[in-house]
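Just below is one structure, and these are the notes that go with it.
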Amino acid sequence: MLSSDLLRIKYRKGKAEILFIDDRYVGIINDLISLLSLNKTIGEFKEESSYLKKIYDQKLIEALTTLILRKVKVEESSPIDPKLIRSKLFSYGPVTNNEERNKILNLVSKELGIDPIKFIYSDMEEELQIKYIPEINPLDIIKEYNMELLQTAAFKAIKLKVYAKNNWKDLIYNIKKFGLMYNANADPFSIEIFGPASLLKLTERYGRSMALLIPYILESNNWKLEGEIMGKYNRTYFLEIDQNDAIFPSMSNMKNISFDSSLEESFYMKFKSIAKEWNIIREPEPLLAGNSVFIPDFLVMRDNIKIYIEIVGFWTKEYLRKKAEKIRQINKPILLVVDESLGYENFNDNYIIKFKKEINVGLIYSWLNNYYNSNTSININEIREKLSLNENVISFDEISKKYNVPMNIIKKELSVNGYTKMKNFFIKNDYLQQLKNNDYSNKKLTELTKVYGDWIQELVEFLGYQLKWIGVTDAIVKKP
335 MLSSDLLRIK YRKGKAEILF IDDRYVGIIN DLISLLSLNK TIGEFKEESS YLKKIYDQKL
395 IEALTTLILR KVKVEESSPI DPKLIRSKLF SYGPVTNNEE RNKILNLVSK ELGIDPIKFI
455 YSDMEEELQI KYIPEINPLD IIKEYNMELL QTAAFKAIKL KVYAKNNWKD LIYNIKKFGL
515 MYNANADPFS IEIFGPASLL KLTERYGRSM ALLIPYILES NNWKLEGEIM GKYNRTYFLE
575 IDQNDAIFPS MSNMKNISFD SSLEESFYMK FKSIAKEWNI IREPEPLLAG NSVFIPDFLV
635 MRDNIKIYIE IVGFWTKEYL RKKAEKIRQI NKPILLVVDE SLGYENFNDN YIIKFKKEIN
695 VGLIYSWLNN YYNSNTSINI NEIREKLSLN ENVISFDEIS KKYNVPMNII KKELSVNGYT
755 KMKNFFIKND YLQQLKNNDY SNKKLTELTK VYGDWIQELV EFLGYQLKWI GVTDAIVKKP
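Right, here's the structure in full:
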């Protein structure tokens, strides 16, 4: 992306027109390329090309110069690291006259074996020397210029609406990966992307992310952009561009664009490790809310319960509020996982979990389990029919895991024929009668636990015995 000071755009009657270039500019580019030569410094090249700024648009020449210089390879001319030269010179402190200055220069020259004045700033861009010049196609420079000009203009966008005939799933995928705020509509398919100018902070970081999306838009067939950008005097101007307005590079001619997807990858792996009773699917099918389209990051499933999860990048309070409203229209549970560091307002909702830097998988796991327990449709009679208990004693936890029944349902509603219900266990009635015939008085609780199990404490209390504690972990069983 070109720097904002090189943006060439014309504002007129409420409209903004980006000043793209075409093959008529091949001659200018060739003039610049002809000035390249081996061992010439960047500063010398810029100085020799400065005459073109008097003939053509200064911003254009500076931008073309920038793009051409990206193609060449440069090196420092100094045989010694210039930082070391500066460190040696400055270590002598300030000088007050030429005699002291020359003395220090001579000392450093003898120590390092070079002319310190000649190489002191040779690592600065203007002093770098051109060491390799590849074959440069002027048409490639034109295409790259047009794309980067569009990227720079996108940095000033309040919002952009993208229309495309294909590639829409890849577009949404990359919008999400870059963390951009968006709304997608189904008929006709379009994606409204909120621009950097819609934010009060983080605009530069967001703008870079938006610029990264532009090549993917250009790769679509019959694409068109409509939007609003912030222009002169902070006025809003309408912008409209389509694929016929200029020539642009194809993805095959561009360097691969990489982005950090480790957040989603890390969440996926940790969730699979922790939430073993839940199945997780990446990038499930699109969801429709009226004319709006959502492609969540994940779908998690347990029994007949399905919950979608979307990890939100940049956001504003208004963006999250509208997103939550549209999600409710889908009539399917969608949990938004929001990075607090990419927003600046306070916003709370039952279906929003916030995080900083790293997603708290345990918190999401807890939320999902609470949702599951609250929304699982339980037929107690069906559960009773499904139960096949042979054990003399079985814990609620064992039943929950073995028969996939929520713990709260077991504690509050479940009863089993032929069994007596304790606080955390079921005991078979026949076995309970045998146990009633035993005398547990004056026995230590730890000894009884070794013989029977952890459930014995509940039994003796159920039978009316009292526990006289003789320490933190042991007690004597006393008759009632």
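Just so you know, the sequence shown maps onto residues 335 to 814 in my numbering.
Backbone N, C-alpha and C fix where the C-beta goes; we use that ideal spot for every residue, glycine too.
Would you call residue i buried or exposed, if buried means 16 or more other Cβ atoms sit within 10 Å of its Cβ?
i	result
methionine 458	exposed
threonine 486	buried
aspartate 576	exposed
tyrosine 385	exposed
glycine 529	buried
phenylalanine 379	buried
lysine 511	buried
glutamine 800	exposed
tryptophan 557	buried
asparagine 590	With a pLDDT of 47 at asparagine 590, under the threshold of 50, the modelled position of that residue is not reliable, and no figure is offered here.
proline 450	buried
leucine 697	exposed
isoleucine 608	exposed
threonine 650	buried
phenylalanine 424	exposed
asparagine 480	buried
glutamine 791	buried
asparagine 508	buried
proline 583	buried
Starting from the Cα of residue i, find the closest Cα among the options and give me that residue.
i	options	result
lysine 493	Lys691, Gly541 and Gly427	Gly541
leucine 597	Val646, Asp637, Glu351 and Phe582	Val646
glutamate 719	Asn703, Met481, Asn751 and Met741	Asn751
leucine 341	Arg435, Glu396 and Tyr799	Glu396
asparagine 517	Phe582, Glu599 and Pro630	Pro630
arginine 616	Asn638, Glu644, Gly696 and Tyr706	Glu644
tyrosine 685	Ser675, Glu692, Pro549 and Ser700	Ser700
tyrosine 705	Leu669, Ile693 and Leu793	Leu669
leucine 353	Lys437, Asn772, Ser383 and Glu482	Glu482
isoleucine 714	Pro468, Asn742 and Leu622	Asn742
tyrosine 765	Asp773, Asn776 and Tyr753	Tyr753
aspartate 788	Ala623, Phe759, Glu382 and Lys802	Phe759
phenylalanine 648	Glu351, Gly377, Glu382 and Ala531	Ala531
leucine 366	Val672, Ile343, Leu401 and Ser775	Leu401
asparagine 763	Ala520, Glu725 and Asp637	Glu725
isoleucine 454	Pro472, Thr430 and Asp415	Asp415
glycine 624	Tyr774, Phe523, Tyr359 and Tyr737	Phe523
asparagine 501	Asp356, Glu538 and Asn555	Asn555
leucine 473	Leu559, Lys566 and Val360	Val360
leucine 833	Val727, Asn709, Tyr642 and Arg358	This structure does not reach residue 833, given that the chain is present from 335 up to 814, and the question cannot be answered.
tyrosine 653	Glu526, Tyr507 and Ile693	Glu526
alanine 520	Leu622, Ile362 and Thr570	Leu622
asparagine 638	Lys666, Leu418 and Val496	Lys666
serine 443	Pro468, Ile548, Arg420 and Asn776	Arg420
proline 618	Lys610, Arg435 and Phe632	Phe632
Among the residues of its own chain, which have a CB less than 8 Å from the CB of residue i, if the five just before and after it don't count?
i	result
valine 739	Ile712, Ile717, Ile733 and Leu748
lysine 347	none
serine 592	Note that serine 592 scores a pLDDT of 42, beneath 50, so its modelled location is shaky and nothing firm can be said.
serine 775	Tyr799, Val811, Lys812 and Lys813
Grab me the residues of residue i's own chain with a C-beta within less than 7 Å of its C-beta, minus the 5 sequence neighbours each way, in chain order.
i	result
tyrosine 466	Val406 and Lys407
aspartate 339	none
lysine 393	Leu340 and Arg342
aspartate 504	Tyr550
isoleucine 506	Ala518, Ile525 and Ile629
valine 695	Phe601, Lys604, Phe605 and Ile608
tyrosine 426	Ile438
isoleucine 744	Phe730, Ile733 and Ser734
proline 814	Gly798, Tyr799 and Gln800
glutamate 611	Arg636
So residue i and residue j are in contact, right, with Cβ under 8 Å, and what is the actual spacing, rounded?
i	j	result
threonine 399	glutamate 460	About 13 Å separates the two Cβ atoms, so there is no contact after all.
methionine 564	lysine 490	5 Å
phenylalanine 628	isoleucine 581	Not really, about 34 Å apart at Cβ, beyond 8 Å.
glutamate 382	leucine 369	5 Å
leucine 782	isoleucine 761	Rounded, the Cβ-Cβ distance is 15 Å, inconsistent with contact.
glutamate 445	lysine 417	Actually they do not touch by this definition, with Cβ atoms about 15 Å apart.
aspartate 357	isoleucine 476	7 Å
Excluding sequence positions up to five away, which residues of its chain have a Cβ less than 6 Å from the Cβ of residue i?
i	result
tryptophan 803	Ala809
leucine 462	Ile376 and Val408
glutamate 574	Glu560
aspartate 594	For aspartate 594, the pLDDT reaches just 40, beneath the cut-off of 50, and the residue's location in the model is therefore unreliable, although a value from the coordinates is still provided. Result list for aspartate 594: empty, nothing under 6 Å.
Under 7 Å from any heavy atom of the ligand SAM, does the C-beta of residue i make it?
i	result
proline 413	You won't find the ligand SAM in this model; it holds no ligand whatsoever.
Could you tell me which uninterrupted beta strand (DSSP E) segments, each at least 3 residues in length, are contained entirely in the region 435 to 461, listed from first to last along the chain? none
Which residue spans inside the region 652 to 705 form an unbroken beta strand (DSSP E) run of at least 3? 668 to 673 and 686 to 689
Hey, which unbroken runs of the alpha helix (DSSP H) at 4 residues or more fall wholly within the region 397 to 426? 416 to 424
Ranges of the alpha helix (DSSP H) found wholly within the region 344 to 398, counting only runs of at least 4: 360 to 368 and 376 to 383
Please give me, in chain order, every unbroken run of the beta strand (DSSP E) with length at least 3 that falls completely inside the region 607 to 633. 613 to 616, 621 to 623 and 626 to 628
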